[in-house]
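The block underneath contains the structure these notes are about, expressed in structure tokens.
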Amino acid sequence: MATESALPVVSEFPPLGSYELIRTVEEGLPLDSLEKLKVRGLTSTEISQLVIPARTLKHRKARGERLSAEETERFLRVIRVLELGERIFGKREKLLSWLRGPDFEIPGRTSMSLLETEAGVQAVTGQLWAVAEGIYQ
Numbered sequence: 006m007a008t009e010s011a012l013p014v015v016s017e018f019p020p021l022g023s024y025e026l027i028r029t030v031e032e033g034l035p036l037d038s039l040e041k042l043k044v045r046g047l048t049s050t051e052i053s054q055l056v057i058p059a060r061t062l063k064h065r066k067a068r069g070e071r072l073s074a075e076e077t078e079r080f081l082r083v084i085r086v087l088e089l090g091e092r093i094f095g096k097r098e099k100l101l102s103w104l105r106g107p108d109f110e111i112p113g114r115t116s117m118s119l120l121e122t123e124a125g126v127q128a129v130t131g132q133l134w135a136v137a138e139g140i141y142q
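In my numbering, the protein residues as written are 6 to 142.
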């Protein structure tokens with residue numbers, strides 16, 4: 006049975022549970038960190054829904070501010086799901102197709118839409134591990 010430790014974390018962000026991560030969240034990430042989500046294939050609309058609303062982002066840019074602690078946490082949980090999913094699926098395009106497709110446990114929703122909450126992230130992470138185990142495809 007695969008475990009989370011079976012796929013090493015190669016994120017440039019601090020590991021979960023570390024004091025460095027706490028400091029990063031409290032300070033907030035710079036707004037240009039959002040480019041990392043675009044590079045991984047997320048659209049501006051998805052970033053607006055999952056991390057920071059477009060209007061808020063526009064105001065933050067104008068004032069030269071960083072992401073808030075809450076927005077930084079949302080960013081980090083989305084990027085970690087993307088990293089895990091890319092390792093499991095092997096190809097970014099396959100992961101994005103899976104995330105944007107209908108969620109097999111919640112009719113009328115996509116796995117991507119579930120990333121709006123921590124509970125949703127946990128559900129999607131569980132589904133990703135099920136895919137890694139060959140339970141779902």
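No residue lacks a Cβ here, since even glycine has one placed at the ideal position from N, Cα and C.
### Task
Taking 8 Å as the threshold, find out whether the segment 78–86 comes into contact with the segment 39–46 through three or more Cβ pairs.
Short answer: they touch.
### Task
Please report how far the alpha carbon of Gly33 lies from the alpha carbon of Ser49, in whole angstroms.
The residue given as residue 33 occupies position 28 in the sequence shown. The residue given as residue 49 occupies position 44 in the sequence shown. Each residue's Cα considered, the two are about 20 Å apart.
### Message
Tell me whether the segment 91–104 and the segment 57–72 touch, counting them as touching only if at least three CB pairs, one residue from each stretch, are closer than 8 Å.
### Response
No, the segment 91–104 does not touch the segment 57–72.
### Task
Go ahead and pull the three-state DSSP assignment for Ser122.
As a first step, residue 122 must be located in the sequence shown, where it is residue number 117. Inspection of the sequence shows that residue 122 is occupied by Thr rather than by Ser. DSSP places Thr122 outside both helix and strand once states are collapsed to three, so it counts as coil.
### Query
Thinking C-alpha only, which one of Asp37, Leu55, Ile140, Glu78 is nearest Arg65?
Translated into the one-based positions of the sequence shown, residue 65 becomes position 60. Of the candidates Asp37, Leu55, Ile140, Glu78, the residue whose Cα lies closest to the Cα of Arg65 is Asp37.
### Task
Scan the segment 16–57 and note each continuous alpha helix (DSSP H) run of 4 residues or more that stays entirely inside, going in chain order.
Qualifying alpha helix (DSSP H) stretches, in chain order: 24–32, 40–44, 49–55.
### Query
Leaving out the 5 sequence neighbours to the left and right, which residues in its chain are closer than 7 Å to Thr115 when beta-carbon positions are compared?
Looking up residue 115 in the sequence shown gives position 110. Leaving aside the five residues that flank Thr115 on each side, the residues in its chain whose CB is nearer than 7 Å to its CB run, in chain order, Leu104, Arg105, Gly106, Pro107, Asp108.
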